[in-house]
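Undergrad: Here our numbering is used: the first residue of the sequence shown is 1343, the next is one more, and so on.
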Amino acid sequence: MSIFYDFVEFLGPAKSFNEQGNLSGKMVLNIKTLTPLFIASGYEDRDGKVLFRCFERFGSTPVIPGSSLKGVLRTISQAVSYSCVEVDRKIKKDLPFQYFDCSCIVCSTFGKMGKKAKVRVEDQKLVQGQMEIIRIPIQMGPNVNIRQIYYKNGKLKGIKFYRHGDYRIIEKAKIPVEAVKEGAIFEGELFFEDLHQKQLELLCYSLGLDNSFQLKIGNNKSGFFGSCKVEVKKAMLNGSVFRPEEYAKNYGKGDRKIENNKNKLSEILDFRNMVKSL
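1. Would you kindly work out how many angstroms separate the C-alpha atoms of LYS1458 and PHE1452, rounded to a whole number?
2. Around the Cβ of THR1377, are there at least 16 other Cβ atoms within 10 angstroms (buried) or fewer (exposed)?
3. For the alpha helix (DSSP H) that THR1451 lies in, which residues bound it at each end?
4. Where DSSP assigns a beta bridge to PRO1518, which residues make up the other side?
5. Round the Cβ separation of ILE1559 and SER1423 to the nearest angstrom and send it over; I've been treating them as touching at under 8 Å.
6. Given a threshold of 16 other Cβ atoms within 10 Å of its Cβ, counted over all protein chains shown, does ASP1430 qualify as buried or as exposed?
7. Does GLU1513 pass the burial test, meaning 16 or more other C-beta atoms within 10 Å, or should it be called exposed?
8. What are the boundary residues of the alpha helix (DSSP H) that includes GLY1621?
9. Might you give, ordered along the chain, the residues of its own chain that have their beta carbon closer than 7 Å to the beta carbon of ASN1580, omitting 5 neighbours on each side?
10. Here's the rule: buried if 16 or more other CB atoms are within 10 angstroms of the residue's CB, otherwise exposed. What is LEU1393?
11. Evaluate contact between the segment 1490 to 1503 and the segment 1441 to 1449, counting only Cβ atoms and requiring at least three cross-stretch pairs below 8 Å.
Structure follows, in structure tokens:
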């Protein structure tokens, strides 16, 4: 398998999740960058003779958009639950399991077309840290036509995750981007409403709060950008303080298949396993 990425295989057919819950509250997140972070705004600017791609901002403040973070949490949740996955319509037939009118735990938690999400993630604002112009490799999208990489026994094998690593070992970095340097801090809130305990456990796990893995956020993940550690400054549940770390640790206990996928995810995304040389 590639030094840059690996796959968490699909857990199995999506299971309907119709459990009702009354767990509502919020978490104040503290996100620390472990490697440089770049989230493209779509704009460019110039520093002397260097034309660079700009970081996403709200006003003048660099931010991790709530939608970006929510997408990361959804993907991690899909990897460790009996849920559906989103793929291009052209290759949907290549999934090992087919999904129709899905009501899995991920769709019930994070929402889908026609179904309101029970989780709302606000933009995470930079409160500490510095920006730097760093060159990154030319970005190429995944090519699922390379069947020996993406397929197993004629079917899509799973969800692809990029490993953590030292971005300085990457060669042929040509594209200047405005990045947030490692050691920076972003803060923002995450709200949840009417979750079942299993949903809250999955949400807390997806943030990496059991400390078994760290998130990858933003662009240039393949170039070892975007490694982030999430901590919770404050957590409220139905009006009282709670410990989301305990919910994260309890997710999937007793289900061997979920535990296996959690172990695989940790193997890929534990920052202690970062790639230090090519």
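Cβ coordinates follow ideal geometry from the N, Cα and C atoms, glycine included. Remember, it's a predicted structure, so these values are computed and weren't measured experimentally.
TA: The structure says:
1. Each residue's alpha carbon lies about 8 Å from the other.
2. With 16 or more Cβ atoms within 10 Å of its Cβ, THR1377 is classed as buried.
3. Here the alpha helix (DSSP H) through THR1451 covers 1447 to 1452.
4. PRO1518 pairs with ARG1477.
5. That pair is no contact at about 20 Å.
6. Taking all protein chains in view, the Cβ of ASP1430 is surrounded by fewer than 16 other Cβ atoms within 10 Å, so the residue is classified as exposed.
7. Exposed is the label assigned to GLU1513, since fewer than 16 other Cβ atoms lie within 10 Å of its Cβ.
8. Within the shown structure, residues of the chain are numbered from 1343 to 1620, placing residue 1621 beyond reach of any answer.
9. The residues are LEU1365, SER1366, GLY1367.
10. Burial check for LEU1393: the Cβ neighbour count within 10 Å stays below 16, so the residue is exposed.
11. Fewer than three Cβ pairs drawn from the segment 1490 to 1503 and the segment 1441 to 1449 lie within less than 8 Å of each other, which leaves the two stretches out of contact.
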